[in-house]
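A.B. asks: If you count the sequence shown from 1, you need to add 371 to reach our numbering.
Yeah, the Cβ is synthetic: ideal placement off N, Cα and C, and Gly gets one too.
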Amino acid sequence: MSLEGRTALVTGGTRGIGLAITRALRRDGARVIAIGKAKDQIEAFRREFAEDPLTSVEMADVRDTDALKAVRDRLPGLDILVPNAGVNTRVQALELEDEALWEMIHTNLYGVFVTCQVFGPLLFARPGGRVVVTSSLSAIHGMNLRAAYAATKAGVSGLVRGLAVEWGPKGVIVNAVGPGIIKTPLTMAYMEQFPERVTATIEHTPLRRLGTPEDVADVVAFLASDGARFITGQTIYVDGGISAGSSWW
Ligand SMILES: NC(=O)c1ccc[n+]([C@@H]2O[C@H](COP(=O)([O-])OP(=O)(O)OC[C@H]3O[C@@H](n4cnc5c(N)ncnc54)[C@H](OP(=O)(O)O)[C@@H]3O)[C@@H](O)[C@H]2O)c1
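1. Going by DSSP in three states, GLY407 sits in which element: helix, strand or coil?
2. Thinking C-beta only, is SER506 closer than 7 Å to THR606?
3. I'd like the list of long-range same chain contacts for ILE640, defined as Cβ closer than 7 Å, with 5 residues on each side in sequence excluded.
4. Could you tell me if the beta carbon of ASN515 falls within a distance shorter than 6 Å of some heavy atom in ligand 1?
5. Thinking C-alpha only, which one of LYS440, GLY526, ASN455 and GLY376 is nearest GLY407?
6. Given 6 Å as the limit, tell me if GLN412 has its C-beta closer than that to any heavy atom belonging to ligand 1.
7. Sort VAL545, TRP620, ARG397 and SER617 by Cα distance to PHE484 and report the nearest one.
8. Does DSSP classify PRO447 as helix, strand or coil?
9. Please confirm whether any heavy atom of ligand 1 lies closer than 6 Å to the CB of ARG397.
10. Would the C-beta of ASN546 count as close to ligand 1, meaning under 6 Å from any of its heavy atoms?
11. Does the stretch 557-572 come into contact with the stretch 528-537, if we say contact requires no fewer than three beta-carbon pairs (one atom in each stretch) closer than 8 Å?
12. According to DSSP, is ILE553 part of a helix, a strand, or is it coil?
13. Could you spell out where the beta strand (DSSP E) holding GLU429 opens and where it closes?
14. So ARG580 is in the beta strand (DSSP E); what residue range does that whole segment cover?
15. Three-state secondary structure (DSSP) at THR486?
16. Kindly identify the DSSP beta-bridge partner or partners of LEU380.
17. Taking the runs of the beta strand (DSSP E) that are 3 residues or longer, which of them lie wholly in the stretch 460-537?
What follows is the structure, encoded as structure tokens:
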């Protein structure tokens, strides 16, 4: 499923799942521009792709529309948009502080929405435009300590359905991936703090393992490819079967 000649933009493309998406889209031939906000991650990214003229990185905060517009104005064009940047804070809903709540809403929902608003029109200018948003298993599967995060992810899965309807007639396909429990910098500290929850997750996952960023990235690359040409408005769960059910009962 070649992406040769296509240009992709991946927000949060500098680490974790986003970095794996950057690598997978490059592997399949696309030129990739990653967006990140932390200087050290951007420098590490530049080192990894120093020899690759078809990969570059831009510093921008997805909550800052003007910064996104500045990136857009430097792009030669766009075929594949991957709004992937996201954050999570794990506490009981009643204990979630306002600041952390707004950070999740602004990054995971507002940030994805304005990323689509700013870059979407570039997709209309070329045939076969694609949007692949990173949602989450928590969009459909309630989890302890993640009520606000789940709300934002259910929101972006709703957003892809709405955009699929509005943008389908313009030739743009809009889908999401819904990762399950994936080992990345976002989840690492939690996994190290609660190893018993990792064991329980594996026991309740039909495929009996945690996910990897590459498990998710390969599905994003598929959704960006011609193989997915008649799929739109969907969230594809990449969760080892957790959303299918469990054998614990
Ligand atoms: N890991 C999981 O188990 C899991 C499961 C389901 C869904 N997801 C979703 O998958 C996506 C990637 O998660 P991950 O696990 O790869 O997390 P991660 O390792 O923490 O990476 C998050 C990425 O998003 C970027 N980012 C965060 N806030 C940003 C902002 N305001 N502006 C620009 N970039 C920003 C980060 O850039 P900086 O480092 O520069 O801030 C980083 O590149 C998220 O949407 C997350 O909700 C993850």
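C.D. replies: For this structure:
1. Secondary structure of GLY407 (DSSP, three-state): strand.
2. It is a contact, given that the beta carbons lie within the stated cut-off.
3. Residue 640 lies beyond the range of the chain shown here (372 to 620); nothing can be said about it.
4. Closer than 6 Å to some heavy atom of ligand 1: that does not describe the Cβ of ASN515.
5. Nearest option by C-alpha distance: ASN455.
6. Yes, Cβ of GLN412 sits closer than 6 Å to a heavy atom of ligand 1.
7. Nearest C-alpha to PHE484: VAL545.
8. In the three-state scheme derived from DSSP, where H, G and I count as helix and E and B as strand, PRO447 is classed as coil.
9. ARG397 Cβ: outside cutoff for every heavy atom of ligand 1.
10. Annotation for ASN546 indicates a beta carbon at 6 Å or more from all heavy atoms of ligand 1.
11. The stretch 557-572 vs the stretch 528-537: no contact.
12. The answer is strand: DSSP assigns ILE553 an E or B state.
13. Counting along the chain, the beta strand (DSSP E) containing GLU429 begins and ends at 426-430.
14. Element bounds for ARG580: n/a, residue is neither H nor E.
15. For THR486, the secondary structure class from DSSP, reduced to helix, strand or coil, is helix.
16. LEU380 has ILE404 and LEU452 as its beta-bridge partners, per DSSP.
17. Segments of the beta strand (DSSP E) lying fully in the stretch 460-537: 501-505.
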